[in-house]
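Only one structure is covered here, and it is reproduced in the block below.
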Amino acid sequence: RYIAERYKKRGEHLKAAQAFERVVEEQPNYRFAAQTLFDAAKEYEAIKDFRKAAVVYQQIVMNYPGWKYAPGALYNAALAFDEINDKRQAAQLYEQLAKIYPNYEKVSDAIYNAAVKYEELEDWRNAARVFEWFVEKYPDDKDAKDFLFTAGKYYAKIGEEQKSKEVYALFSQKYPDDT
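First residue of the sequence shown? That's -16 in the working numbering, and the numbers climb one at a time after it.
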């Protein structure tokens, strides 16, 4: 770890990242292994290698899921995939975060981001599903009404008329003043 920190201080980000990873490879039970991998991912981000950063963040979640910053690592992995325009992977990781760490402070952002990534992919079914999920989880959110209406619109767009009617009926029930 000392060598990795030296590389980091000198601004040699790739060497630092690789050295941080090597520490964990050689000592997977090292008590600061998760933090060391997190440091490696940050070093990869510093050189704009977002794919590698995302992989390392995911490694944290797989190997150290109980670490206090594991939810942040998963969120960062999603952001990194978004950075390289891998919208589907980003959306899936945002959803995974919300399912695995439902009490994480950024869960509402993660669910919203997943829905938006599906919209950008024109994956209307998944966008609608995730917007519905957002409304179920955060019915009093200021945007819940718009998200529910959007879900109904997307179901109609893909020809799921029955599902669209159900969502619009729920919208009318929840927001009678807006129908």
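Glycine included, C-beta positions come from ideal geometry on N, C-alpha and C. Here the structure is a predicted model, which is why all the values come from computation and not from measurement.
Suppose contacts are defined by Cβ-Cβ distances below 8 Å. Is residue i in contact with residue j by that definition?
| i | j | result |
| --- | --- | --- |
| L20 | I(-14) | no |
| E26 | A56 | no |
| Y87 | L76 | no |
| A73 | Y40 | no |
| E28 | A36 | yes |
| F117 | I83 | no |
| Y(-10) | A2 | yes |
| Y121 | G135 | no |
| A137 | A111 | For the sequence presented, residue 137 should be read as Tyr rather than Ala. For Y137 and A111, yes; Cβs fall inside 8 Å. |
Measuring alpha carbon to alpha carbon, tell me which of the options ends up nearest residue i.
| i | options | result |
| --- | --- | --- |
| A139 | L153, W107, K125 and S155 | W107 |
| V6 | Q18, N96, R(-16) and N59 | R(-16) |
| F114 | E149, R34, T133 and D124 | T133 |
| V99 | I83, K82, Y84 and E78 | E78 |
| R71 | L104, Y52 and P85 | L104 |
| A61 | R34, S155 and Q145 | R34 |
| V38 | S155, E143 and D22 | D22 |
| L(-3) | K31, E9, M45 and E8 | K31 |
| K89 | E119, D65 and P54 | P54 |
| F154 | E119, F15, G142 and E143 | E119 |
| F15 | G(-6), R(-7), E(-5) and K51 | K51 |
Could you give the C-beta distance for residue i and residue j, rounded to a whole number, given that I count them as a contact under 8 Å?
| i | j | result |
| --- | --- | --- |
| N68 | A24 | So it is not a contact: roughly 19 Å between Cβ atoms. |
| S91 | D124 | 7 Å |
| K128 | Y158 | 5 Å |
Does residue i get closer than 8 Å to chain C when you measure Cβ to Cβ?
| i | result |
| --- | --- |
| Y158 | Judged by its chain identifiers, the structure shown contains no chain C, having just a single protein chain. |
Would you mind listing the alpha helix (DSSP H) stretches within the segment 22 to 67 that are 4+ residues and don't spill past its ends, in chain order?
33 to 46 and 53 to 66
Hey, which unbroken runs of the alpha helix (DSSP H) at 4 residues or more fall wholly within the segment 75 to 132?
90 to 103 and 107 to 120
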